[in-house]
Amino acid sequence: MKDTVLKVVVLFFVITALLGCSNTNKSSVEPNQVNSSPVAENTTNVATSSEKIKFKTEGGTDLFSLKQQADGAKLVDGKEKELVRIKADKSGKVKFKNAADKTLGYVVTAKGYWKLENPEQNKELYVLRKQNNGGLNLEDAGKKVVYQIKSDDNGWEILKPNNQLVYQVKVKEGKTALKNSSGKTVFYTKSSITPIAFACFGFDVLNREQQAALAYAVNLTGGQ
């Protein structure tokens with residue numbers, strides 16, 4: 628009788644030990660299955676960043692393009708000639724150079740504004756600043772308003788300080804267009820870009836390289 632009881636006790640401990648090992652193996656396998664999904668998300672982000680933003684004349688001729696890259700963008704003309712290289716670092720600062728690799732300036736992104744600086748980074752040139760009314764102002768180094776940017780039903784209006792209309796940014800049927808004060812299209816894009824970033828190309832006080840760098844910085848933050 629004692630031998631039988633002893634065998635039962637031993638068998639019980641053996642079964643318990645085997646079940647414990649089985650549970651341990653399951654728990655060690657499951658984390659590897661859970662951690663597999665972020666790789667697919669990163670692949671999607673890289674693919675999105677390679678989009679080319681084409682700007683065309685009203686007649687459909689290629690005017691210039693902003694070629695998105697992993698760490699920035701390139702602005703090229705209608706014949707694919709490089710005009711400016713744009714690079715963004717982890718802090719959100721955007722550096723832009725010409726085709727000869729000469730630094731032309733910087734765009735610094737901060738809460739509520741985007742600041743355009745000279746190549747030496749010791750002088751503030753222009754600031755695109757958000758306003759409490761939901762609009763924005765482009766200010767010069769002396770904080771004087773150069774343009775007011777106000778939203779309307781179909782996009783944005785670019786106005787002088789005296790409220791004289793300079794340009795309109797209209798968004799309709801998948802097309803974002805820059806129109807002059809007479810309503811004529813200057814150029815447009817069907818590519819994905821935030822309207823307020825697109826509006827930067829209507830700041831005539833800036834050269835094309837500065838416009839592109841500012842537009843890139845604004846678009847990078849979604850205009851926020």
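In terms of this note's numbering, the sequence shown has 814 at position 187, counting the first letter as 1, and numbering is strictly consecutive. For each residue, glycine too, the CB sits at the ideal point set by N, CA and C. Predicted model, so just to flag it, every value in this text is computed and none were measured.
Same chain only: Cβ atoms within 7 Å of G611, ignoring 5 sequence neighbours per side: Within the shown structure, residues of the chain are numbered from 628 to 851, placing residue 611 beyond reach of any answer.
Member of A826, V721 and V711 whose CA lies at the smallest distance from the CA of S778: A826
Burial state of R712, where buried means 16 or more other Cβ atoms lie within 10 Å: buried
Residue ranges of each beta strand (DSSP E) within the segment 718 to 787, 3 or longer: 721 to 724, 730 to 737, 740 to 744, 751 to 757, 763 to 767, 772 to 779 and 782 to 786
For V754 and Y740, believed in contact at Cβ under 8 Å, the rounded distance: 5 Å
Nearest-angstrom beta carbon gap, V734 and L841 [assumed within contact, 8 Å]: 6 Å
Reduced DSSP category for F682 - H, G, I as helix; E, B as strand; rest coil: strand
Whole-number beta carbon distance between N846 and A824, since they are thought to touch under 8 Å: 4 Å
Classification of Q863 by the beta-carbon crowding that lies within 10 angstroms, buried from 16 upward: An answer regarding residue 863 cannot be provided, because it is not within the stretch 628 to 851 covered by the chain.
Identity of the residue in E836, S818, R835 and N790 nearest E678 by Cα: S818
Bridge partner(s) assigned by DSSP for T816: T803
Proximity winner among K683, G686 and K729, relative to E836 (alpha-carbon distances): K729
Among Q775, D780 and G761, nearest to L786 - alpha-carbon criterion: Q775
Nearest-angstrom Cα separation, counted from Q851 out to V772: 20 Å
Among E744, F828, N790 and A844, the one whose alpha carbon lies nearest that of F814: F828
Closest residue to L752 among N725, A844, V832 and N781 (Cα-Cα distance): V832
Beta-carbon spacing of E784, Q791 below 8 Å: no
Contact check, D698 vs K724, beta carbons under 8 Å: no
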